[in-house]
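In what follows, a single structure is set out as structure tokens and then discussed.
Residue numbers (our numbering), protein chains in the order written: chain A, 6 to 237; chain B, 392 to 657; chain C, 69 to 682.
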């Protein structure tokens, strides 16, 4: 039984039909990449999984139990955690408060010490307000915030967007460490190379349709396909 | 004056608050009548409003979350009318007297002149409440959720917290504060069904001057408002209320978001 | 709430109905248990409510301080008559109305700086301020808590004619005539260009601004109109009582107006009259029943809350909706011409690439946008040639939307300038930018969902025809020259001509997207900015929209932000590629496709890494 399973999910953004019969599955301890150009529906897929958008048709199962239609807070309590593409750090709270906020509803949260060990920079900036952090630090905080809840599955939405290459490299290292530790991750990224370097399997979305499922190698073997669905 | 600060700090202003204030005063009056204990009156006022607030929110207000703002304003206005009229029906329109408690009797010499003990105590109670409020907002989990929720409700939701339930609690707390304020102020002003309206307007002026959603803004706004009222009362009492509104107009012209105004994400 | 488009004599049905009602009232009254005094008061409140309904029902601005104008107008008129400055009652009433309107201008300017509940509370606060002014500082003129007594019976003088109103019947007819005139005027305002814009503001204020209307001025106008009506009604109150009371300034008075309007039905013009009838009738009737006399207001409060929750349109509004539903059903039963959407496959239109040798119409120089240390757009320059179709593409986070919004004049640049035919766009608001000739269509539909398709386009066309602000309150909007032609042309261009009468909310999604573009088109822009026009469309809708864009590309210059590469390649003359806020390429579609830098931008450059885990 897969950890996460989407079957023929159709989602709408207002009246716009954005996902057409999307199916995918994620096994425990896997890193799965969800690729596609922007507008393809990747973020919509993650939002639908997290309950921010309710699918009109289709099912979503987590650990075998249906979660489609549940409000986000219930889905979060089951062990899913989304790191949104705008990061959405609470600017008015300090780093520490942002983390504590995340622990409030978690059954077995990490200790702050453990988080700061993994992200020393956050430890240095404990008392700084969220809005005073740099982009890279905010992204780190967003990931830390998800981790602190000891999630069973992490959804990363464009974690490398808008960051300088050096910072991307740092973050990539963090993600790799998480994967090595056995976390299950779904990563949505436009930076195809970075995503493929992390993932064991990948899916490609185009205009709301799933057009590819396979390994990074099999994807790389077809540059024409990559150009058509991912490039220009 | 200090009471309006409380309203402002919670950032929750609706028309019904004025009537909650009156309801609190009446609940306190009834309790006092029965028990002759001012403490009991205070507790009664606060409790009655907590219950009322929750009932109204669950039963009525929650239907309005997705309706346009104007409808929300209208329904709280309607609720205010109903509550005030219910009070009038139950207790009659004449003023009731909520006597000053025994520990508040007499006067205290404060340097310049004698000052009624009770009013000084009220100041103390308000200050204490403000401190409590501050602590709740900045040192407790509930306060953390409220501060985060005001800024980004969806994200807090995604972190596993049922935000709507929290907002219900805040609404209840706000109602409770209003009720409590009503009891406290009972001995100073007369207890009538209409007592809520003035407070409502003044608290709004405080919010406009101080800025929305800011604890310090409400505090400073309240202080400024209080000062304007007392200063002008000394010079020309007839004009004091007017001056308050004039100050509000000035703030609106030059700094529409208030002195400490903060924007939040819906 | 579309104004029913009745033709010919039927247009005057409302006025006729009101006239009949007014004439019949005195005869029906005794049978209903009412007095002439009651009728006079109901009409006075109805008059007060006409202006308020324009403000609240039609423009959507909920104000709680109308008592300020009611009292001001009343006390001014009463003072004029008792001072005495004049014996001519109509003159005194006019003075009261004028002063109230002036006050409305002042309070409006201050209060309209905020919206929603803050606006409501502000008007309430100013209402209270007026009350305090009346009680104390101005007491020598207003009589303070005593009000002004001894307001003389109306003396109406028209040139050589003069007569005094000495009987209750006479007073009733005076008020009835004034109400009728007020109603006729209000009805005209509602059907005028101003009224149409007000309804658009209520429906979607942002879009009304984006198509070129100066929303702030229109709102102020509605506010002043409401104040004027309030002033007139206040003056009449003093006359019918012979006494001008300070409670005209009470918060209760403002509240009563709101409750009556909501109960009767906002947005119907006679709603306030119906509501006043309910309120005053309940008040007088219940007083006579022993035991529950004091409960009338409680009962009213409950009715009010129930209506707001269950029947937001009020009594009159409910009746109107029922009426329209019946008419719609009857029309649906009779088969009409079948709407033929182009299901026929049109031949693929090959677009001839524009020559690109014309003058530059839109130019950006060194455009940058910084947010708190994040550089969203970095020194991008851009030139759009007349007649060109330019696509702006780039991966997520490239700065496309930011750049696009700066071009549209919606967002201020941190550095750099945008020039449109020689005009600098910096600091101009959305309405002004649109009036200059740049129109934008939105990624998420911003339509006037409560209006018909025809009226949607009409709003945009009005801005084109009349400019930012045009106080045309008295003419009928359908009589404005050239407007219908503009609307018809636009509807034809987006192929929604057969949908003109439908409410916009009933359109299919693809049709709504077309209407979205239509709104921008109707302003007859020189530059059209399309923000992801294909968003959320099915393949057939996509094809339709592409044909549409190709058609309208004749004669307009277009900038499209899009993700769909097929669309981009087929439509664009040139493509600008943004990446991390900078422009990395700008060339013909073929060249862009072959550009290795662009490819790297989309696919990501190879990252220094260990081999991926198997």
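Beta carbons are placed, not taken as given, at the ideal position from N, Cα and C, and that holds for glycine.
For residue i, the three-state DSSP class (helix, strand or coil)
i	result
residue 234 of chain A	helix
residue 200 of chain A	helix
residue 86 of chain A	strand
residue 251 of chain A	No answer is possible for residue 251 of chain A: it lies beyond the span of chain A, which begins at 6 and ends at 237.
residue 545 of chain C	helix
residue 579 of chain B	coil
residue 536 of chain C	coil
residue 318 of chain C	coil
residue 229 of chain A	helix
residue 522 of chain C	helix
residue 214 of chain A	strand
residue 24 of chain A	strand
residue 551 of chain B	coil
residue 364 of chain C	helix
residue 2 of chain A	Chain A is shown from 6 up to 237; residue 2 of chain A falls before or after that span and cannot be answered.
residue 16 of chain A	strand
residue 627 of chain B	coil
is_contact[residue i, chain A] using C-beta, thresh 8 Å
i	result
residue 550 of chain B	yes
residue 539 of chain B	yes
residue 463 of chain C	yes
residue 442 of chain C	yes
residue 438 of chain C	no
Short CB-CB distance (under 8 Å) between residue i and chain C
i	result
residue 144 of chain A	no
residue 163 of chain A	yes
residue 133 of chain A	no
residue 141 of chain A	no
residue 543 of chain B	no
residue 645 of chain B	no
residue 566 of chain B	no
Neighbourhood of residue i by C-beta distance below 7 Å, restricted to the same chain and skipping five residues each side
i	result
residue 240 of chain C	94, 104, 107, 108
residue 326 of chain C	132
residue 653 of chain C	645, 660, 663, 665, 666
residue 182 of chain A	none
residue 614 of chain C	635, 638, 639
residue 287 of chain C	127, 129, 180, 269
residue 491 of chain C	504
Residues near residue i in its chain [Cβ-Cβ closer than 6 Å; skip 5 each side]
i	result
residue 230 of chain A	none
residue 401 of chain B	Note that residue 401 of chain B scores a pLDDT of 45, beneath 50, so its modelled location is shaky; the value from the coordinates is reported in the next line. Cβ within range, chain order: 565.
Closer than 8 Å to chain B by CB, residue i
i	result
residue 508 of chain C	no
residue 138 of chain A	no
residue 194 of chain C	yes
residue 731 of chain C	Residue 731 of chain C is absent from the structure shown; chain C starts at 69 and stops at 682.
residue 288 of chain C	no
Contacting residues, own chain, Cβ-Cβ under 8 Å from residue i (five flanking each side not counted)
i	result
residue 389 of chain C	381
residue 479 of chain B	584
- Are the region 144-162 of chain C and the region 366-376 of chain C in contact at 8 Å, needing three or more beta carbon pairs? No, because fewer than three Cβ pairs between the region 144-162 of chain C and the region 366-376 of chain C fall closer than 8 Å, the two stretches do not touch.
- Query: Taking Cβ-Cβ distances below 7 Å as the criterion, which residues of the region 175-188 of chain C are in contact with chain B?
  - Reply: Going along the region 175-188 of chain C in chain order, one finds 178, 181, 182, 184, 185, 188 with a Cβ nearer than 7 Å to chain B.
- Message: Any C-beta of chain B within less than 7 Å: which residues of the region 268-280 of chain C qualify?
- Response: Contacts with chain B (Cβ-Cβ distance below 7 Å) from the region 268-280 of chain C involve no residue at all.
- Message: Pairs of beta-carbons, one from the region 554-562 of chain C and one from the region 272-292 of chain C, closer than 8 Å: are there three or more?
- Response: Fewer than three beta-carbon pairs drawn from the region 554-562 of chain C and the region 272-292 of chain C are found closer than 8 Å, and the two stretches are therefore not classed as touching.
- Message: Pairs of beta-carbons, one from the region 461-471 of chain C and one from the region 627-647 of chain C, closer than 8 Å: are there three or more?
- Response: Touching, yes.
- Task: For the region 525-532 of chain C and the region 263-275 of chain C, state whether three or more C-beta atom pairs, one from each stretch, are separated by less than 8 Å.
- Result: These segments touch.
- Message: Counting only Cβ-Cβ distances shorter than 9 Å, please list the residues of the region 176-208 of chain A near chain C, keeping chain order.
- Response: Those would be 177, 181, 184, 185, 194, 195, 196, 197, 198, 199, 200, 201, 202, 203, 204, 205, in chain order.
- Message: Can you pull out the residues from the region 371-383 of chain C whose beta carbon lies closer than 8 Å to at least one beta carbon of chain B?
- Response: Under the 8 Å Cβ criterion, the region 371-383 of chain C contributes 372, 373, 376, 377, 380.
- Query: What residues in the region 524-535 of chain B bring their beta carbon closer than 7 Å to a beta carbon of chain A?
  - Reply: Per Cβ criterion, the list reads 532, 535.
- Can you give me, in chain order, the residues of the region 591-613 of chain C that have a beta carbon less than 9 Å from any beta carbon in chain B? From the region 591-613 of chain C, no residue has a Cβ closer than 9 Å to chain B.
- Message: Taking contact to mean 3 or more Cβ pairs, one atom from each stretch, closer than 8 Å, check whether the region 124-132 of chain A and the region 73-85 of chain A are in contact.
- Response: Of all C-beta pairs linking the region 124-132 of chain A to the region 73-85 of chain A, fewer than three are shorter than 8 Å, placing the two stretches out of contact.
- In the region 41-62 of chain A, which residues sit with their C-beta less than 7 Å from some C-beta in chain C, listed in chain order? Of all residues in the region 41-62 of chain A, 42, 43, 44 have a Cβ within less than 7 Å of some Cβ in chain C.
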